[in-house]
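Order-wise, the sequence lines are chains H and G.
In this text, residue positions in the first sequence follow my numbering: the first is 129, and each later residue adds one.
In this text, residue positions in the second sequence follow my numbering: the first is 7, and each later residue adds one.
Where is the CB? At the ideal position from N, CA and C, for every residue including glycine.
Note that the structure is a prediction, hence the values are computed from the model and not measured.
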Amino acid sequence: MSTLTQTHPISKHRSGISWLKLSAILVALMLAIPVLIVVFNIFLGGSGVWQHLYETLLFDYVSNSFLLMLGVTLGTLAMGVPAAWLTSVCEFRGRGLFSWALLLPLAMPAYIIAYTYTGLFDFAGPVQTFIRDVTGLGYGQYWFFEMRSLGGAFAMLSLVLYPYVYLMSRAAFLEQSANTLEVCRTLGYSAPQAFFRLALPMARPAIVAGVTLAMMETLADYGTVQYFGVTTFTTGIMRTFYGFGDLAAASQLAGILLLFVAVLIFAERYSRREISYHGSGLRKASQRKIELRGLYGAAAFVACAIPVLAGFVIPAAVLLYWAVFEAEAVGWDFIQLSWNSFYLAALAALITVSLALVLAYAGRLHKDKSVQTAIITSGMGYALPGTIIAIGVIVPLAWLDHRIIEFVQHTFDSKIGLFFSGTIIALLFAYTVRFMAVSLGSVQSGLGKIKPSMDMAGRSLGCSPAQVLRRIHVPLLKSSVLTALLIVFVDVLKELPATLILRPFNFNTLAVRAFELASDERLVDAAPASLMIVAVGLIPVILLSRSISSSAH
Amino acid sequence: MTAMPPNKMLKELKLSNIAVGYQGIPVVQEANFRIVEGQIGCLLGPSGCGKSTLLRAIAGFEPLMAGEITLDNELLSSATKTVSPEKRSIGMVFQDIALFPHLTIGANIAFGLKGWSKKDASARIDYLLQLVGLSGYKDRYPHSLSGGQQQRIALARAIAPKPKLLLMDEPFSGLDAKLREELVPDIRAILQHEKVSAILVTHDQAEAFAMADQVAIMESGRILQVGTPYEIYHEPVSRFAAMFIGQGDFLPAVVCGENCVHSDLGEIRGRLNHGFASGAEVDLLVRPDDILHDDDSAFKGLIVSKWFRGSYFLYRVKLPSGKVTYCFASSHHNHSIGQEIGLSVNLDHLVMFPREPLNS
């Protein structure tokens, strides 16, 4: 009784409901639905199709996905780590150029690079035609590697995913203070020994993080493996969903894929358990670099040039050539496609970033567990392949639509169409789930720079909370909000599998059109759409490389 | 001269019996404190004692659970009312400086000058920049300034709108020792020149003594003692205050008269009556400057360790009884560890507390 009467009005107000907190939790719940649906489906009873899959194809899915991950790990390590070390610690001709150009393949979706190289290297492509013309050999009389194979998928995915490893390990190498390496030298190790005994082990957590990102993208890939005829989880999910029309089995497959992802995330966390390496914070501005001359310099140049050329310059040039000289002229159709893609991406970016702002502000003002959990939950979608999210979105929305249709039929005796699952609402929902993490990350890092004391300083200088928001927060947050909008916009533009599953009937985007044309073996005609995606995708990559080269000076 | 807003000088800030807390749990309790026109007050205590919470309550960022805060007899905070920070005319300088990174130095200082004419504001900025010794930095951005320069700008920004009171939350803790030694007297001079009353929060007694007219010692959410630095150092009212401020040791002693005790240092007479009954067992506070090195003295101690402090030596000496105390010596008296030196006792403030079992 006495404690009740002592309860203070202000403390009551504090522990009371806050709208911001409530909306943050609500947003998190919404975003968690698709994931929960997929997880629950793992445990639901199987169907006939499921049984069939299990007996025939599941082994293929598992082994192919596994081999693909292994191959991509090796490929990204081989290209990413040496390039990162060379551009961060050494000095050689072209280093400045490569330090940002090595990021360019980030703009190239894996399925697009796959179409391009297939067009270049397949039987009717310019390379093999040239060989036949020169040697006079005919079909079947010479050996040439088959692009559309598991090996081809390794190569394509590695070429566009190595920048993750490059970025992460480069940051780690730069953070290692010159002092640490100098200590190693004074203890009697040569420079190469210092690299293997110290620099590499110290960068390990970052390298593992980069490889994990690359592997998650590999698991999420649909366009490449589908086109190359490699059966993996994502193609299996599509096959079950479209071929058999079996949502339950598709979502069970998605569930198993989810387990893969979970294991991956867990393994990454485990690999850096209790390890937190920090730079001493006394990094010298002018760290002395190892000068590479002559043959060494040339070798470094080649090691950095190969990923850039193969991962970006060659495919981009080929696309450009096709789009300009060989493809069907760009018409009204293409403008319609671009408009669809752009407004979809812009809407998704606006929705995602607005919700990210709600979550980030709730997290800033309420340090309690419920809000922090809500924020973590909301970011989960980024780890999930688009196919999983699409399945998780369509199951509840289709259910909801059918309840609405039944209800309308019963009460008004009239028929209506699918309201959620057949419209872009489903797409926008899926994009928000998938890309919340990136926009949240950007917004949070921007908000993190506004220290709480700045709010208080503003208040003590005579500003109301609204004025603090307008005069301090808005100008300081502007650039990170714009970055978040841009990243989500580009990611949505590139997204293929979720769009393929969830798009309304007869609604096409650039990515979907490129995929369809390529599937019909009209690689050249797919070039304009592909080129457009790559060109827009370049914008955030250029911003990123500018920030890298400005921090390097 | 243009007509600037008049100086609104503080007459009195008063905290009466206030309690502040989070989620119903008090962090600060029964706190009483007041400062008057032109004074600089200081809340001094170890980290976690509630001093920053108390400061934030004065600024209006924390509501009160009980008690009252009044500024010139106007109620600012009570259990049921909290005037919002922007309406208090109280400026604040923060531990992490918190300059606005998107604004120039000039715009930072102008931030609080709402309703000032352009001309007045510009004159005020120039005046303050000159006062803090950073004229010519008006169009630079905060990141191009050193830590000490940023702290001067933070001060200029806080006093620009002529607040009645300035609050400073550990303003020097982010700066290195040398810079701090330069900045502390500078800032005191600036505050006095501008006739700004201020309250400083710190855990560093040197800072408190250099800045403040009135010091409040805080521990575990309570104000233990309020007084001038001299009083706080020489007349601590609790064991905690005695040990937190300055160095020193407790020696067991027995009261032998109304201004006299008997201890390992012999019989000592103070200037004032100490209020303990004859024969009572007490612990006597001995500061380093209470025992001086004296070659002629017959009372000897054995040097256990020593610190050379430039202008003086600080020795740790073992008394014949086995107890260890500090001893001051001039910097010419360089003795080695293990040597016996003569000691003279120079103790006239008798600070004593009832004997604690641990110390006997």
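- Within the stretch 579–615 of chain H, the runs of alpha helix (DSSP H) that reach at least 4 residues and sit entirely inside it are, in chain order, 580–588 and 593–596.
- Of the other Cβ atoms in all chains shown, fewer than 16 fall within 10 Å of the Cβ of Y398 of chain H; this residue is therefore exposed.
- Using a Cβ distance threshold of 7 Å, R298 of chain H and A390 of chain H do not count as a contacting pair.
- With fewer than 16 other Cβ atoms from the protein chains shown falling within 10 Å of its own Cβ, M15 of chain G counts as exposed.
- Chain-ordered, the chain G residues with CB closer than 7 Å to the CB of K579 of chain H read D102 and A104.
- Secondary structure at W313 of chain G: strand, using DSSP grouped into helix, strand and coil.
- Here L624 of chain H carries a coil assignment [DSSP, helix/strand/coil].
- Annotated three-state conformation of G338 of chain H is helix, per DSSP.
- Nearest to P258 of chain G by C-alpha distance, out of G:K312, G:S327, G:D210 and G:V202, is G:S327.
- Looking at the DSSP output, G272 of chain G sits in a beta bridge with G:S269.
- Judged by beta-carbon spacing, L447 of chain H lies beyond the 7 Å limit of T637 of chain H, meaning their Cβ atoms are not closer than that value.
- Pairing Y510 of chain H with I384 of chain H, the inter-Cα distance amounts to about 17 Å.
- Residue environment for F215 of chain G: buried (at least 16 other C-beta atoms within 10 angstroms of its C-beta).
- Pairwise C-beta distances place the stretch 233–240 of chain G out of contact with the stretch 300–309 of chain G, as fewer than three of them are shorter than 8 Å.
- If you check the CB distance, I96 of chain G and L171 of chain G come in under 7 Å.
- At a Cβ-Cβ threshold of 7 Å, G118 of chain G and K144 of chain G do not count as neighbours.
- By the C-beta density criterion, N192 of chain H is buried, having at least 16 other C-beta atoms within 10 angstroms.
- Proximity of chain H to G118 of chain G at the Cβ level (cut-off 7 Å) is accounted for by L589 and G590, in chain order.
- Taken in chain order, the members of the stretch 51–71 of chain G whose beta-carbon sits within less than 7 Å of a beta-carbon on chain H are A65, F67, P69 and M71.
- Spatial neighbours of M508 of chain H in its own chain (CB-CB distance under 8 Å, excluding positions within 5 residues in sequence) are listed in chain order as L159, A160, V163 and A565.
- Across the structure, V323 of chain G and L49 of chain G are spaced so that their CA atoms are roughly 34 Å apart.
- Against chain G, a Cβ distance below 8 Å from A594 of chain H picks out nothing, because the smallest value is about 11 Å.
- E18 of chain G carries a strand assignment under DSSP once its states are collapsed to helix, strand and coil.
- Distance check between R62 of chain G and each of G:L82, G:G276, G:P148 and G:Y239 places G:L82 closest, using alpha-carbon atoms only.
- In the structure shown, E188 of chain G adopts helical secondary structure according to DSSP, grouped into three states.
- The stretch 123–150 of chain G is shown to contain whole alpha helix (DSSP H) runs of 4 or more residues at 124–137, in chain order.
- Taken through DSSP and simplified to helix, strand or coil, F226 of chain H comes out as helix.
- Residues of the stretch 598–615 of chain H with a C-beta less than 7 Å from any C-beta of chain G: I600, P603 and L604, listed in chain order.
- In the three-state reduction of the DSSP assignment, A166 of chain G falls in the coil class.
- The count of Cβ pairs closer than 8 Å, one atom from the stretch 197–213 of chain H and one from the stretch 599–613 of chain H, stays below three, leaving the stretches out of contact.
- Judged by DSSP in its simplified three-state form, N634 of chain H adopts coil rather than helix or strand.
- Among the residues of chain G, those whose CB is under 7 Å from the CB of A585 of chain H are M98, F100 and A104, following chain order.
- Judged by pairs of C-beta atoms under 8 Å, the stretch 337–351 of chain H touches the stretch 284–291 of chain H, as three or more such pairs exist.
- Relative to Y318 of chain G, the option among G:E176, G:H339, G:T208 and G:G51 whose CA is nearest is G:H339.
- Residue contact with chain H for H108 of chain G: present (Cβ-Cβ distance below 7 Å to some residue of chain H).
- Look at the beta carbons and you see the stretch 270–285 of chain H not touching the stretch 208–223 of chain H: under three pairs across the two are nearer than 8 Å.
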